[in-house]
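Structure first, then comments.
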Amino acid sequence: MKASAQAMALLLAGSMALAACASDEPTGTGTGSGGGGGAATEDLRIGLAYDEGGRGDQSFNDSAYAGASAAADALGADLQELSPNEDASNRAELLTQLAEQGFNPVIAVGFAYDDVIAEVAPQFPDTTFAQVDGSNADGAKGDNVTGLVFAEEEGSFLAGVAAALKSESGHIGFVGGVESPLIEKFEAGYVAGAQAVNPQIRIDRQYISPAGDFSGFSDPARGQIVAQGMYDAGADIIFHAAGGSGTGVFQAALASGNRAIGVDSDQYLTVEPELQPVVMTSMLKRVDNAVEQFINDYAEGNVQGAQDVLSDLSTEGIGLATSGGFIDDIQDDVQQYSQQITDGTITVPTTVE
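Under mature numbering (1 follows the signal peptide of the UniProt record, and there is no 0), the letters of the sequence shown match residues -19 to -1, 1 to 334, in that order.
As structure tokens, this is what we get:
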């Protein structure tokens, strides 16, 4: 797990140099041998439509890029990246543009594409779509859409376990990017994990932006303000599920001499060096692996559509990072809880009471 996180970080580092907004030009070229049914790899052209903030968030979008880039390099495929405009009102146009230009498969990154992919995908029945964090188990978004979904609550439970075991004050916090059912899964798991260790633990919880306002994923300044308020109130560890806004949480942790827990990628490996000492661990959500596997499945002709592909603890699509060594002393406890989740002894909630 650690080795794969480090490998992903090298890909992310390459992306940072290009980063704040995605390129409108294909980022990979090449020819390869024929694929197993999706497309001959010399003709494979991958389209990637980012979530709020685009590439360079050191988190969710960058993880998707890492997976798509790895697949494109291995298959000798073209990769086209597009980012939403400032108010993210053009998501449907991004998917339409990629499909019209012949990119296939087309991958939408984030639950905010829920409505638009359901509108666009049926217009392009010969294009294969996937949506990260968007379920299509019922096929309502179209027979050509696959949902790449995750058991975020399971990894967040382990983050809560780690926070409760390492907290010296018995007071921790959670900062969510946007109030939504998806981010509430992170919150619910985190709270359950912390309370499993210490039923009396105090947990402060706050969202950066309300439902429907996706700016909370790309506002580090606001993230810092929210986190600083929690640290000032006595919390000594904060878990963020806030995308690019998480940088602000780390900055608040540094300023107050406390610690934080990252999300999605191993953020110890992606933050600036001065922030590394505060990143106690990260809840790994292997968007990179899910995206890479989906593209490989497409190239081999193995995508069914109208279904979900779930990544969870049992598939190692979810976990906790160990970079920095800050949670080495509690690994036995973390593994015990992880085993109880995978064997069904513990059922992790997905909603907040």
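Glycine included, C-beta positions come from ideal geometry on N, C-alpha and C.
Taking the C-alpha atoms as reference points, what is the distance between residue i and residue j?
| i | j | result |
| --- | --- | --- |
| A177 | Y318 | 9 Å |
| A233 | S226 | 11 Å |
| P254 | Q285 | 43 Å |
| D78 | D314 | As written in the sequence, residue 78 is Gln, which differs from the Asp given in the question. Each residue's alpha carbon lies about 49 Å from the other. |
| R36 | T326 | 38 Å |
| Q316 | G115 | 29 Å |
| A217 | A132 | At residue 217 the sequence reads Asp, which differs from the Ala that was named. Cα to Cα, D217 sits roughly 26 Å from A132. |
| E168 | V272 | 24 Å |
| A280 | G298 | 21 Å |
| Q39 | Q248 | 7 Å |
| G9 | A214 | Confidence at G9 is low in this model, with a pLDDT of 43, below 50, so its placement is unreliable and no value can be given for it. |
| D59 | A53 | 6 Å |
| K192 | Y94 | Checking the sequence shown, residue 192 turns out to be Ala, not Lys. Cα-Cα distance, rounded: 14 Å. |
| I219 | A89 | 29 Å |
| L75 | H152 | 43 Å |
| I98 | S196 | 20 Å |
| G224 | G158 | 7 Å |
| Q320 | G305 | 23 Å |
| S64 | E33 | 8 Å |
| V252 | T228 | 8 Å |
| V207 | Q104 | 42 Å |
| T303 | S295 | 18 Å |
| S4 | V230 | For S4, the pLDDT reaches just 40, beneath the cut-off of 50, and the residue's location in the model is therefore unreliable, although a value from the coordinates is still provided. For S4 and V230, the distance between alpha carbons rounds to 28 Å. |
| G120 | T109 | 13 Å |
| N179 | V142 | 9 Å |
| G243 | Q274 | 24 Å |
| R183 | K122 | 41 Å |
| residue 336 | S199 | Outside the displayed range of the chain (-19 to 334) lies residue 336, so it cannot be described from this structure. |
| S263 | A73 | 32 Å |
Determine the burial state of residue i: buried for a count of at least 16 other Cβ atoms within 10 Å of its Cβ, exposed for fewer.
| i | result |
| --- | --- |
| D107 | exposed |
| L66 | For the record, residue 66 in the displayed sequence is Asn; it is not Leu. Exposed, because fewer than 16 other Cβ atoms sit within 10 Å of the Cβ of N66. |
| D309 | exposed |
| residue 336 | Because residue 336 is not part of the residues shown, which for the chain are -19 to 334, the question remains open. |
| Q112 | buried |
| T332 | exposed |
| D124 | exposed |
| P201 | buried |
| E149 | exposed |
| N283 | exposed |
| T328 | exposed |
| E334 | exposed |
| D245 | buried |
| G15 | Its pLDDT being 31, under 50, G15 is placed unreliably by the model, and nothing is read from it. |
| A222 | buried |
| G83 | exposed |
Can you give me the start and stop residues for the alpha helix (DSSP H) that residue i sits inside?
| i | result |
| --- | --- |
| K147 | 133 to 147 |
| L75 | 72 to 81 |
| Q288 | Note, Q288: premise wrong, no alpha helix (DSSP H); beta strand (DSSP E) at 288 to 292. |
| L25 | From DSSP, L25 is part of no alpha helix (DSSP H); its letter is neither H nor E. |
| residue 349 | Past the boundaries of the shown model lies residue 349; the chain is included only from -19 to 334, so the question cannot be answered. |
| I206 | 201 to 213 |
| N117 | Neither: N117 is in no alpha helix (DSSP H) and is coded neither H nor E. |
| S50 | 41 to 56 |
For residue i, list the residues DSSP reports as bridge partners.
| i | result |
| --- | --- |
| D245 | L265 |
| F92 | F92 is not bridged to any residue. |
| F110 | V87, V126 |
| V252 | V252 pairs with nothing; no bridge assigned. |
| V156 | Q187, H221 |
| V260 | A241 |
| G300 | L265 |
| A30 | L63, A89 |
Could you give the residue range of the beta strand (DSSP E) that holds residue i?
| i | result |
| --- | --- |
| R183 | 183 to 190 |
| Q316 | Note, Q316: premise wrong, no beta strand (DSSP E); alpha helix (DSSP H) at 312 to 323. |
Starting from the Cα of residue i, find the closest Cα among the options and give me that residue.
| i | options | result |
| --- | --- | --- |
| E62 | A55, L56, A80 | A80 |
| A140 | D95, A216, P162, A173 | A173 |
| G209 | S237, H221, V272, V90 | In the sequence under discussion, the amino acid at residue 209 is Gln, which differs from the Gly named in the question. The shortest Cα separation from Q209 among S237, H221, V272, V90 belongs to S237. |
| N117 | T109, T127, F110 | T127 |
| V130 | I27, R26, R72, A287 | A287 |
| N270 | D293, Q321, N283, L256 | D293 |
| R240 | F198, P258, G282, N179 | P258 |
| I311 | K147, D43, G204 | K147 |
| D301 | D289, F275, V260 | Residue identity differs from the one stated: residue 301 is Leu in this sequence, not Asp. It is V260. |
| A49 | M211, D278, R183, L265 | D278 |
| A45 | L265, T323, Y212, D24 | L265 |
| V87 | G28, V101, D119, T323 | G28 |
| A30 | N71, G57, G170 | N71 |
| E165 | I184, G204, E134, D194 | E134 |
Taking only beta-carbon positions, decide if residue i is within less than 7 Å of chain B.
| i | result |
| --- | --- |
| D107 | This model lacks chain B altogether; it includes just one protein chain. |
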